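Undergrad:
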Amino acid sequence: MTDNRPKLGQMLVEAELIDELQLKSALVHQQHWRCLFGASLVKLGYVDEEALLGFLAESLNLLRVDLKWRAIPRELLDLLPEDKAREYHVIPVDREVLHGTSYLLLATCDPTHLANLDDLAFLTGCEIRPALAAEEEIRVAIDRCYGSRVEPLAPSASLPIRPPAADQDKFHKLLLLLLAKGLISRSEYDLLK
């Protein structure tokens with residue numbers, strides 16, 4: 676892919692969603708905190724994340740995907756190692772083969788970074804079609820779909836697995852929160868509840 680499209684910051688300034696001063700301060704913030712440019716804009720309060728995603732979807736003619744409840748088949752996850760999904764802030768959501776060419780639809784929060792898309796095309800062996808998703812949705816989907824590679828520690832025989840009856844309700848609420856945030860799997864929840 677050739678990077679002949681304008682950068683996100685330039686596009687937002689031209690659309691008058693941010694001004695030059697906001698662009699410069701967001702770039703400094705991005706460099707200092709080593710985060711994505713869009714995340715810097717949102718963190719600094721210059722633009723709402725949904726507005727940013729809507730602008731990108733319309734400007735770049737991209738699909739906006741909701742990852743909250745989307746089931747992603749294992750064969751798609753096998754195309755992209757977890758560490759690369761985390762490094763590039765992407766997750767595969769669909770695959771299609773047309774005329775012998777395999778196209779992989781990847782949810783990303785930064786479709787303007789064409790070098791990343793080239794790297795991912797090489798890595799997966801597929802032509803990449805970017806789709807938009809919120810950064811946090813992508814992180815949660817990666818956690819949920821890939822799961823943790825770290826083996827849980829075996830509980831010690833001397834430590835109780837369940838809290839005393841008085842704390843059982845708090846414990847149950849904590850487990851539900853951990854499950855909702857994707858920090859434990861459904862099987863771990865069932866084991867502990």
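Numbering (the working numbering), first residue to last: 676 to 868.
For each residue, glycine too, the CB sits at the ideal point set by N, CA and C.
The structure presented is a predicted model; accordingly, all values stated were derived computationally and were not measured.
1) In chain order, what residues of the same chain have a beta carbon less than 6 angstroms from the beta carbon of ASP818, not counting five sequence neighbours either side?
2) Is GLN705 near TYR721, with beta carbons less than 7 angstroms apart?
3) Measuring only the C-alpha atoms, how far is ASP741 from PHE846?
4) On the CB-based measure, 16 or more other CB atoms within 10 Å of its CB, does ASP694 come out buried or exposed?
5) Along the beta strand (DSSP E) that carries ASP818, what are the first and last residues, could you check?
6) Give a yes or no on whether the C-beta atoms belonging to ALA806 and ALA790 are separated by under 7 angstroms.
7) Quick one: using the 10 Å Cβ neighbour count with 16 as the cut-off for buried, is LEU852 buried or exposed?
8) Comparing alpha-carbon positions, which option in CYS710, ARG709, LEU716 lies nearest GLN685?
9) For THR903, report the span of its alpha helix (DSSP H) as first-last.
10) LEU711 and ASP794: beta carbons closer than 7 angstroms?
11) What residues in its chain sit with their C-beta under 6 angstroms from that of SER777, if we drop five residues either side in the sequence?
12) Does DSSP put ARG770 in a helix, in a strand, or in coil?
13) Need the endpoints of the alpha helix (DSSP H) that LEU683 sits in, please.
14) Whole angstroms is fine: what's the gap from SER862's alpha carbon to LEU792's?
15) Say whether the stretch 756–767 touches the stretch 726–738, bearing in mind that this needs 3 or more beta-carbon pairs closer than 8 angstroms, one atom from each stretch.
TA: By the coordinates alone:
1) GLY857
2) no
3) 30 angstroms
4) exposed
5) Careful: ASP818 lies outside any beta strand (DSSP E), inside the alpha helix (DSSP H) at 810–821.
6) no
7) exposed
8) LEU716
9) Absent from the structure is residue 903, since the part of the chain shown begins at 676 and ends at 868.
10) no
11) CYS801
12) strand
13) 683–689
14) 34 angstroms
15) no
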